[in-house]
Amino acid sequence: NLSYIKLAGEDKKYVTKKEFAGIYDRIIGKSEDEIAQQLDIPQTHASLVTPGLMLFARLFAFTDAKRLWMPDVKLGDGLAVDYAQKSRLIKLKHNFNDDILSATRQIAERYQCNVPHTRFVEKAALGIFDAMKKLHGLGERERLILQLAAIMHDSGKFVSLMYPSEAGYDIIMASEIIGISHEERETVAKIIKYNTRDFDYRQMNLTQSKLTAMLRLANALDRSHKQKMSDLKISLEGDELIIATSTYEDITLEYGLFKEKTELFEEIYGVRPVLRQRKSTR
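Position in the sequence shown (from 1) plus 5 gives the number in this note's numbering.
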């Protein structure tokens, strides 16, 4: 907690890059006893100062930040808020999912993902998820995981056109997406890996299989990467998932791949996806 450190003799909540460099040089290399004595803090807290300084030094090195803000919050405060939110004792105004999505879109941009295509697949995948809500038994967190997979599903092509699924898996596992756990990141990676590869869903986690089936179906709707379908309307009617589109485009390619991708979906959910085209007028 850098709030222990007296910054240039002033009581303020931020430190400039130059001031931080002076603090870093003054503290790094000292023992915990020396740090505790110099900063007049408990020795138990002194053990955290050096790792904290090293972390913030890396932040300055990797960003173009000119100063570092230090709020009056500690790890314990964050844990208390997290517990209260999960227990529904409080409701936070800020939507942290937006931060996760923003970070993921930045990673997708780095790997030159086709934005129009991924936006289409993202919207279609979420439409399928919402339409199947009564059957899949998944919650908002799983919906977010599916959305992240849709955003990143094409990333592997940047590394390998021959093995894009495996490359996509490796990219996700090597990327630190703040806001999701290691287990959730692995789920995103596996959904991407099996988006185009054959696999035995019975050997996978059930949640992963359910989300993979949704992404495969959504991806098939834009096989040409030309976003031919407009105003997708997705609804569950009995034992059929109706995906209706109004377009004057030729979607023969999408029809063909769609039929290939329905088998897994039908086997997992017991619901047959049906693609219907209602011709629109120009």
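Each residue gets a CB set at the ideal place from its N, CA and C atoms; glycine is no exception. Values in this document were obtained by computation on a predicted structure and should not be read as measured data.
When we look at the beta-carbon of residue i and count the other beta-carbons within 10 Å, is it buried (16 or more) or exposed?
i	result
Ala13	Any answer about Ala13 is weak, because its pLDDT of 39 lies below 50 and its placement is not dependable; what the coordinates show is given next. With fewer than 16 Cβ atoms within 10 Å of its Cβ, Ala13 is classed as exposed.
Ala172	buried
Asp159	buried
His187	exposed
Thr250	buried
Ser92	exposed
Phe67	exposed
Val276	buried
Residues in its own chain within less than 8 Å of residue i by CB, not counting five upstream and five downstream?
i	result
Trp74	Lys18, Tyr19
Val86	Ile95, Leu97
Using a threshold of 8 Å, state whether the C-beta atoms of residue i and residue j are closer than that.
i	j	result
Arg63	Lys22	no
Ile183	Ala113	no
Tyr168	Ala194	no
Glu37	Ala51	yes
Taking residue i as the reference, which of the options has the closest Cα?
i	options	result
Arg228	Pro56, Met137, Ile150, Pro121	Pro121
Thr217	Ser165, Leu241, Glu259, Tyr274	Tyr274
Asn322	Arg146, Leu84, Arg124, Val86	Outside the displayed range of the chain (6 to 287) lies residue 322, so it cannot be described from this structure.
Ala136	Phe263, Leu237, Gly27	Leu237
Leu140	Leu241, Pro56, Ala129	Leu241
Leu226	Ile105, Glu245, Arg124	Arg124
Thr109	Ala70, Ser180, Ser235, Leu44	Ser180
Leu143	Thr212, Thr55, Asn100, Met178	Thr212
Glu24	Asp244, Ala41, Lys35, Leu58	Leu58
Using a Cβ-Cβ cut-off of 8 Å, state whether residue i counts as contacting chain D.
i	result
Lys35	Here there is only one protein chain, and chain D is not present.
Mind checking which residues open and close the beta strand (DSSP E) that includes residue i?
i	result
Val276	Neither: Val276 is in no beta strand (DSSP E) and is coded neither H nor E.
Leu44	Element bounds for Leu44: not the beta strand (DSSP E) but the alpha helix (DSSP H), 37 to 44.
Ile248	245 to 251
Glu242	235 to 242
Arg202	Element bounds for Arg202: n/a, residue is neither H nor E.
I'd like the list of long-range same chain contacts for residue i, defined as Cβ closer than 7 Å, with 5 residues on each side in sequence excluded.
i	result
Leu258	Arg228, Ser229
Asn224	Val126, His158, Asn200
Ser214	Tyr206, Ile273
Tyr116	Ser160, Phe163, Ile176
Starting from residue i, trace the alpha helix (DSSP H) in both directions and tell me its first and last residue.
i	result
Thr55	48 to 67
Asp30	22 to 32
Leu211	211 to 225
Arg110	101 to 115
Arg190	187 to 198
Quick one: what's got a C-beta closer than 6 Å to residue i's C-beta in the same chain, skipping five residues either side?
i	result
Arg31	none
Given 7 Å as the limit, tell me if residue i has its C-beta closer than that to any heavy atom belonging to the ligand NAD.
i	result
Gln208	By its list of ligands, the structure shown contains no ligand whatsoever, and the ligand NAD lies outside what it can speak to.
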